[in-house]
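Just below is one structure, and these are the notes that go with it.
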Amino acid sequence: MTAGNSGATQDRAGPSVRGIVWVAVRAVGSVTVLVAVYYLLPLDHSSTAVTLTMLLVGLAGFVALVAVQVRSILRARHPGLRAVEGLATGIPYFLLLFAASYVALAALSPESFGEPLSRGDALYFTVTVFATVGFGDITAKSEAARLVVTVQMLADLVILGLALKLIVGAVRRGRQRRADAHRAQDEGHGRG
Numbered sequence: 030m031t032a033g034n035s036g037a038t039q040d041r042a043g044p045s046v047r048g049i050v051w052v053a054v055r056a057v058g059s060v061t062v063l064v065a066v067y068y069l070l071p072l073d074h075s076s077t078a079v080t081l082t083m084l085l086v087g088l089a090g091f092v093a094l095v096a097v098q099v100r101s102i103l104r105a106r107h108p109g110l111r112a113v114e115g116l117a118t119g120i121p122y123f124l125l126l127f128a129a130s131y132v133a134l135a136a137l138s139p140e141s142f143g144e145p146l147s148r149g150d151a152l153y154f155t156v157t158v159f160a161t162v163g164f165g166d167i168t169a170k171s172e173a174a175r176l177v178v179t180v181q182m183l184a185d186l187v188i189l190g191l192a193l194k195l196i197v198g199a200v201r202r203g204r205q206r207r208a209d210a211h212r213a214q215d216e217g218h219g220r221g
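Per the numbering used here, the very first residue in the sequence shown carries number 30; after that it's consecutive.
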């Protein structure tokens, strides 16, 4: 094997253990920061306008995050690994955004839910809505709470459908792009 081919052969191999560990560290770090922000923000002292703005800006941020993730997946050396990292960051961001909205909403109007919501309760409620299991121990009682839960359910469907489709499609296109580049490189080496 020539020195010119060793890089191509190594490039075609799957991700290294070091690469996988680095992705795991970044994902865990991102989730840790998101959870810390969730627990540190003064969510129980906001107004209706602040709560609504937080949710809308947060959703816009989520859309931007997905767009950046898809672009990154398309350019990645290992698109599948990059997609896992993107999901490991994007889904917690989404869930914590709604949990934060529920905490703020419950603080503004305690009758919004069937019981008082702590941050842990709000996160639990958010995940049960996301997972579509709805245990029923925490329920949205007020019209505003039901509206926010409805927005989350619709957004859940979008995430499960469109966002995952975009990410899987980006992985496929990224892999195809890499395969095409390797094929062109091999053809170039065959002529030389």
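Glycine included, C-beta positions come from ideal geometry on N, C-alpha and C.
Keep in mind it's a predicted model, so treat the numbers as computed, not measured.
- Secondary structure note for F164: it is in no alpha helix (DSSP H), with a DSSP letter that is neither H nor E.
- Within the same chain, and ignoring the five residues on either side of P139 in sequence, the residues whose Cβ sits closer than 8 Å to its Cβ are P145.
- By the criterion of at least three beta-carbon pairs nearer than 8 Å, the segment 193-202 is not in contact with the segment 152-167.
- Exposed is the label assigned to H218, since fewer than 16 other Cβ atoms lie within 10 Å of its Cβ.
- Annotation: D73 is outside any alpha helix (DSSP H) and is labelled neither H nor E by DSSP.
- A151 and V92 have their alpha carbons spaced roughly 22 Å apart.
- Under the three-pair Cβ rule at 8 Å, the segment 102-109 counts as touching the segment 200-213.
- Under the 10 Å beta carbon count, A160 is surrounded by fewer than 16 other beta carbons and is classified as exposed.
- Taking all protein chains shown into account, R148 has 16 or more neighbouring C-beta atoms within 10 Å of its C-beta and is therefore buried.
- Beta-carbon to beta-carbon, A136 and Y67 are separated by about 14 Å, too far to satisfy the 8 Å threshold.
- Note that the C-beta distance between L125 and V178 is not below 9 Å.
- The Cβ-Cβ distance between A184 and F123 falls below 9 Å.
- With respect to V113, V62 sits apart: the two C-beta atoms are not nearer than 9 Å.
- Taking the Cβ atoms as the reference, V60 lies roughly 7 Å from T118, within the contact range of under 8 Å.
- About 4 Å separates the Cβ atoms of V132 and L72, confirming a contact at the 8 Å cut-off.
- With contacts defined by Cβ atoms closer than 9 Å, I188 and I120 form a contacting pair.
- Only residues of its own chain outside the window of five on either side were considered, and among them L137 have a CB closer than 7 Å to the CB of T77, listed in chain order.
- Take the alpha-carbon of L70 and the one of T80: they are about 12 Å apart.
- Around R104, the same chain offers G203 as residues with beta carbons nearer than 8 Å, after the five sequence neighbours per side are excluded.
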